[in-house]
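According to mature numbering (1 follows the signal peptide of the UniProt record, and there is no 0), the sequence shown holds residues -20 to -1, 1 to 413 in order.
The structure appears right after this line, and notes come after that.
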Amino acid sequence: MMISPKILIPIFSLLCIVFANNENLSEYDGLKVIRVLPVNHFQMISLLNLEDDIDFWRRPDQINRFADLMITPNNSQRVMQYLSSRNIGYEILIDNVRAIVQNERNQMAKIRKQLEMLRGSDITVGFWQSYQRYEAIENLMNDLQDKYPNLVHKINFGKSFEGRELNLMRIGANSNEKKPVIFIEGGIHAREWISTAFVTHFANRLLIGYENHEEDIKTLMETFDFYIVPLLNPDGYEYTHTKYRLWRKTRSTQKSSSCFGVDPNRNFGYEWGGEGTSSNPCSEIYPGTKAFSEPEVKAETDYIMNNLAGRALVYVAVHSYGQYLLYPWGWTDKPTPDNDRLDSMAKLATEEMAKRYSSKYIYGMSTKVLYAAAGAGDDWAYGSASIPYSYTLELRDEGYYGFQLPPEQIIPTSEEAGDGLIAMLLAIQKNDL
Ligand SMILES: [Zn+2]
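Listed below in structure tokens is the structure:
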């Protein structure tokens, strides 16, 4: 069955105000994102077989659910033939990736100009009106620590492959080495900018809420210590800002290949290298030569094991896009012994996320909702670090903009996701402590 190819005319190309832009956009020429719909098991497996060398923006997850993949001038003919010979229906989701990249840059440049006039000494003013660079995120952590010396502690936990400092914020009232820990990981996949924007927004929300004596936030800040990593993959992130917007992996060099990088969310050492990974170093889901080969993943997991073992209660890895809240396992379709508990908390969180802007988040066990992806952070946190509440949160949107979520959606996305997280943590506090 073929869906008639429907071209969604990107409004950006119509609205696009062309600013002077010296950067070369030609590498985006001819890139398109198509949405495919597998309707049976054979089609599903066929799509999964494409994963080795095609960049899936959203993985094939279930029969009768869409997956999004990017095609290039080099492979479009081959992919189209592959799809039609298997009767896999598709439509064009983004006809002109270059126009979106261009539009995003123009929009951000415009916002930057407006903010330069507004911003005084407070870095948080306008911070979430646009996506920020590594240095600004570092400055934010410094400024929050200066502003709230009793509540925020910036901690270095390692260095990236290219030598950037990896830092996290410990946030809590009367922090000590005994409080249960909520660990929030942002920015592991380079192009998922909304992840870093959300986790920094959430950190600031905790601090403002505590200062303003908001009851719920006060409870959380007094009960837990939050360990918030805003940007676990700074090399990849900076690369998306300066070279190629759609980069996903780390930027490490590979001995066996001229391709760069490893998928850091396949590099964790729990069932490493299993289903949903590829031994091809050029693949977007290449897990590396061994578990923890990536210094970023190694640094984070060492930090958790050495400093937080036994008191880490919740781990949330923040990604985009698709609007999911997932829990282990991601490597097998057998449920964990904690399935009911994980499920009821995810249900509660996603219901709360829908309240403010009616956004629909799907929740469930990873391999029930998506196909297997071994070596991910949530499985490691649950399986190796024994963190009982382990989740992967996929933020907005459902595919219209994909990774290039417009900056004006940063705050609403962060608000609704924060609502869900706060509700879930309050429930955990009541149930478990
Ligand atoms: Zn991701």
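Glycine residues also receive a C-beta, built at the ideal position from the N, C-alpha and C atoms.
Check your understanding: By the 10 Å Cβ neighbour count, where 16 or more other Cβ atoms means buried, how is His181 classified, buried or exposed?
Key -> Here the question's residue 181 lines up with position 201 in the sequence shown. Buried, by the Cβ-count rule.
Exercise for review: Check Asn247 in the structure and name its three-state DSSP category.
Suggested key: Position 267 of the sequence shown, counted from the first residue, corresponds to residue 247. Asn247: coil per DSSP, three-state reduction.
Check your understanding: Roughly how many whole angstroms lie between the Cα atoms of Tyr217 and Asn20?
Key -> Here residue 217 refers to the residue found at position 237 of the sequence shown. Here residue 20 refers to the residue found at position 40 of the sequence shown. If I take the Cα positions, the gap works out to 36 Å.
Exercise for review: Name the two residues that bound the continuous beta strand (DSSP E) containing Glu71.
Suggested key: Position 91 of the sequence shown, counting from 1, holds the residue named residue 71. Looking at the DSSP string, the run of the beta strand (DSSP E) that includes Glu71 is 69 to 74.
Point to revise | Simplified DSSP assignment, three categories, for residue 467 | key: As displayed, the chain neither begins before -20 nor continues past 413, which places residue 467 out of reach and without an answer.
Point to revise | Validate contact between the segment 49 to 56 and the segment 95 to 105 using beta carbons, cut 8 Å, 3 pairs | key: Result no; under three Cβ-Cβ pairs closer than 8 Å.
Review point. From Ile14 to Glu374, what distance separates their C-alpha atoms?
Key: As a working note, residue 14 is residue 34 in the sequence shown. As a working note, residue 374 is residue 394 in the sequence shown. In a straight line, the C-alpha of Ile14 is about 20 Å away from that of Glu374.
Practice item. Report the residue from Ser26, Pro315, Ala356 whose alpha carbon sits nearest the alpha carbon of Gly69. Key: Position 89 of the sequence shown, counting from 1, holds the residue named residue 69. Of Ser26, Pro315, Ala356, the residue nearest in Cα terms is Ser26.
**Study point:** Euclidean distance between Cα positions of Asp35 and Phe240
**Key:** Taking the sequence shown and counting its residues from 1, the one referred to as residue 35 is at position 55. Taking the sequence shown and counting its residues from 1, the one referred to as residue 240 is at position 260. Distance between the alpha carbons of Asp35 and Phe240 is about 15 Å.
Practice item. Please look up how many angstroms separate the CB atoms of Val209 and Leu148, rounded, as I've assumed it's under 8 Å. Key: Residue 209 sits at position 229 when you count from the first residue of the sequence shown. Residue 148 sits at position 168 when you count from the first residue of the sequence shown. At roughly 5 Å, the Cβ-Cβ gap stays under 8 Å, so Val209 and Leu148 are in contact.
Check your understanding: Between Ser263, Lys278, Ser370, which lies nearest to Asp318 when the distance is taken from Cα to Cα?
Key -> If you number the sequence shown from 1, residue 318 lands on position 338. Closest option to Asp318, Cα to Cα, is Ser370.
**Study point:** Inter-residue Cα distance where the pair is Met404 and Gln61
**Key:** Looking up residue 404 in the sequence shown gives position 424. Looking up residue 61 in the sequence shown gives position 81. In a straight line, the C-alpha of Met404 is about 46 Å away from that of Gln61.
Check your understanding: DSSP on Tyr233, reduced to helix/strand/coil?
Key -> Locating residue 233 in the sequence shown gives position 253, where the first residue counts as 1. In the sequence as displayed, the identity of residue 233 is Thr instead of Tyr. Reduced to three states, the DSSP call for Thr233 is strand.
**Study point:** Heavy atom of ligand 1 within 8 Å of Asn44 beta-carbon
**Key:** For the purposes of this step, residue 44 is identified with residue 64 of the sequence shown, where counting begins at 1. Not so, every heavy atom of ligand 1 lies at least 8 Å from the Cβ.
Exercise for review: Going by CA-CA distance only, name the one from Phe178, Gly302, Asp282 that's closest to Ser346.
Suggested key: The residue you call residue 346 lines up with position 366 of the sequence shown. When each option's Cα is compared against that of Ser346, the closest is Gly302.
Point to revise | Closer than 8 Å: Glu276 CB and nearest ligand 1 heavy atom | key: Counted from its first residue, the sequence shown places residue 276 at position 296. No, the Cβ of Glu276 stays beyond 8 Å of every heavy atom of ligand 1.
Exercise for review: Could you check if Pro261 is buried or exposed, using at least 16 other CB atoms within 10 Å of its CB as the buried criterion?
Suggested key: Here residue 261 refers to the residue found at position 281 when the sequence shown is read from its first residue. The residue in question, Pro261, is buried, as its Cβ has 16 or more Cβ neighbours within 10 Å.
Exercise for review: Determine the direct distance from the alpha carbon of Thr199 to that of Gly249, and round the result to whole angstroms.
Suggested key: Position 269 of the sequence shown holds residue 249. Position 219 of the sequence shown holds residue 199. Taking the CA atoms as reference points, Gly249 sits about 34 Å from Thr199.
**Study point:** Alpha carbon of Ile265 to alpha carbon of Thr230, nearest angstrom
**Key:** Residue mapping note: residue 265 aligns to position 285 of the sequence shown, counting from 1. Residue mapping note: residue 230 aligns to position 250 of the sequence shown, counting from 1. Going from the Cα of Ile265 to the Cα of Thr230 covers about 11 Å.
Practice item. Confirm, please, whether the CB-CB distance from Tyr111 to Pro387 is below 9 Å. Key: Working through the sequence shown from its first residue, we reach residue 387 at position 407. Working through the sequence shown from its first residue, we reach residue 111 at position 131. Yes; because the gap between Cβ atoms is below 9 Å, this pair is in contact.
**Study point:** 3-residue-minimum beta strand (DSSP E) runs that sit fully inside the segment 147 to 176, ordered along the chain
**Key:** 161 to 165
Review point. Is it the case that the CB of Glu374 approaches a heavy atom of ligand 1 more closely than 8 Å?
Key: Here residue 374 is taken as the residue at index 394 of the sequence shown, counted from 1. Yes, since a heavy atom of ligand 1 falls inside the 8 Å radius drawn around the Cβ of Glu374.
Review point. Closest to Ser300 by CA distance: which of Gln389, Ser64, Ala407, Leu11 is it?
Key: Against the sequence shown, residue 300 aligns to sequence position 320. Taking only the C-alpha atoms, the option nearest Ser300 is Gln389.
Review point. Opposite Met50 in the DSSP bridges: which residues?
Key: Counting from 1 along the sequence shown, the entry for residue 50 is found at position 70. Partner(s): Val13, Asp35.
Exercise for review: Can you grab the Cα-Cα spacing for the pair Trp252 / Trp37, in whole Å?
Suggested key: In the sequence shown, residue 252 corresponds to position 272, counting from 1. In the sequence shown, residue 37 corresponds to position 57, counting from 1. If you take the alpha carbons of Trp252 and Trp37, they lie about 22 Å apart.
Check your understanding: Does the distance from the CB of Phe206 to the CB of Gly167 come in under 9 Å?
Key -> For the purposes of this step, residue 206 is taken as the residue at position 226 of the sequence shown. For the purposes of this step, residue 167 is taken as the residue at position 187 of the sequence shown. For Phe206 and Gly167, no; Cβs fall outside 9 Å.
Check your understanding: The alpha helix (DSSP H) with Tyr381 in it runs from where to where?
Key -> Position 401 of the sequence shown, counting from 1, holds the residue named residue 381. First-last for Tyr381: undefined, no H or E at that position.
Check your understanding: Excluding sequence positions up to five away, which residues of its chain have a Cβ less than 6 Å from the Cβ of Gly10?
Key -> Walking along the sequence shown from the start, residue 10 turns up at place 30. Taken in chain order, the residues that qualify are Pro53.
Practice item. State yes or no: is the beta carbon of Trp227 nearer than 9 Å to at least one beta carbon in chain D? Key: Of the protein chains in the structure, only one exists, and it is not chain D.
Review point. Does the beta-carbon of Phe107 have 16 or more other beta-carbons within 10 angstroms, so that it is buried, or is it exposed?
Key: As a working note, residue 107 is residue 127 in the sequence shown. Buried is the call here.
**Study point:** For Ile342, the nearest candidate out of Glu118, Trp360, Gly400 (CA to CA)
**Key:** Here residue 342 is taken as the residue at index 362 of the sequence shown, counted from 1. The candidate whose alpha carbon is nearest that of Ile342 is Gly400.
Exercise for review: Decide if Pro129 is buried, meaning its Cβ has at least 16 other Cβ atoms within 10 Å, or exposed.
Suggested key: As a working note, residue 129 is residue 149 in the sequence shown. Classification for Pro129: exposed.
Review point. Any idea if Arg171 is buried or exposed, counting beta-carbon neighbours within 10 angstroms, 16 or more meaning buried?
Key: Residue mapping note: residue 171 aligns to position 191 of the sequence shown, counting from 1. So Arg171 ends up on the buried side.
Check your understanding: Are at least three pairs of beta-carbons, each pair with one atom in the segment 278 to 296 and one in the segment 358 to 368, less than 8 Å apart?
Key -> Per the Cβ contact rule, the segment 278 to 296 is in contact with the segment 358 to 368 (3 or more Cβ pairs under 8 Å).
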